[in-house]
Every structure is written in structure tokens, then in C-alpha cells.
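To get this note's numbering, take the position in the sequence shown, counting from 1, and add 1012.
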Amino acid sequence: MRHFLKSMYEPRYLDLLFGVLAALSITLIAISAGGGAPAIQALESGWVKALALLGSAIAVTVISTKTTDLDQKLADDFIFMTLTKSALITVMALLIWLVLWEVLFASSLGSIPGYGVLTILLAIWSTAYFLTRWKGTRA
1013 MRHFLKSMYE PRYLDLLFGV LAALSITLIA ISAGGGAPAI QALESGWVKA LALLGSAIAV
1073 TVISTKTTDL DQKLADDFIF MTLTKSALIT VMALLIWLVL WEVLFASSLG SIPGYGVLTI
1133 LLAIWSTAYF LTRWKGTRA
């Protein structure tokens, strides 16, 4: 089992994974760009939604932290640095993109629905992975 898990971190498999993610995100962006954001029904109490958001965010953070430990154990240093650096670049680029979209384009082109943000995140992450991989991590 360990050999199988370790083999998943080979560069050719990661290149394939991020290549497929890039193709999917471009396709989903092209298909959904003209659609509007679906309406969200208002809740009687915002506390339920706030607790659900906070609880799920904490749970996903804990799980992600544990899987990152697994990544570090199974991947070689270059692959691990490539994955972590591209993830950090993705977070920063997505935050900047979200702000720029709202400031520059939202009034004329509309807000982006959650699934639209997810496709942009996949496109940014794929781009960050390949740019980091091609230039090296220089860590």
C-alpha cells in the first residue's frame, strides 16, 4: 500500500492530474461563464448557517493538515515543495483575483457564483503548479 501511495507522487502523475484539472477548469469556465448565479434562499436564523460554515471550515482544516503530513512523508522534497508552493501561490492569487473582480468587473459583468470561484481556483492552482514545476522551487 505504501508503495502505491508513494507512486502517486511521481511527477508524471502529478503533471497528468494538474493537466486534467486545467482542462476541466477551462471547459467549466467556458460553459458556465454566461450563466447567472443561483439565488440562495434566506434562512430564518443566520446562526445555523454561521455554525455550519465555521464547523465545516475547522473540520476541513484539520483534515487538510493531516493529509499534508502524509504528503510530506510520501513525496520527495522537490515534489512536496512544488505542491506547497503552488498551493500558497494559489491562495494568494485567488484572494487578489476575487478583490480585483469585485472592484473592476462585478458591476458590469456580475458577481461570480461559488462554483465559478471553484473553477477559477482550479485554473489558478494548475497554472501555479506548472509554473512552479518548470522554474523549480528555488527553496
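Even for Gly, the Cβ is constructed at its ideal location relative to N, Cα and C.
{"Asked": "Nonlocal neighbours in the same chain, by C-beta distance under 8 Å from TRP1137, ignoring five residues either side", "Found": "PHE1030, LEU1033, SER1098, ALA1099, THR1102"}
{"Asked": "Coil, strand or helix - GLY1148 by DSSP", "Found": "coil"}
{"Asked": "DSSP-derived helix/strand/coil call for PRO1023", "Found": "helix"}
{"Asked": "Span of the alpha helix (DSSP H) around ASP1083", "Found": "1058 to 1086"}
{"Asked": "Helix, strand or coil at MET965 according to DSSP, with G and I counted as helix", "Found": "For residue 965 there is no data in the structure shown, the boundaries of the chain being 1013 and 1151."}
{"Asked": "DSSP-derived helix/strand/coil call for ALA1034", "Found": "helix"}
{"Asked": "Residue from LEU1130, VAL1072, SER1120, ILE1091 whose Cα sits closest to the Cα of ARG1024", "Found": "ILE1091"}
{"Asked": "Terminal residues of the alpha helix (DSSP H) in which ALA1118 lies", "Found": "1118 to 1121"}
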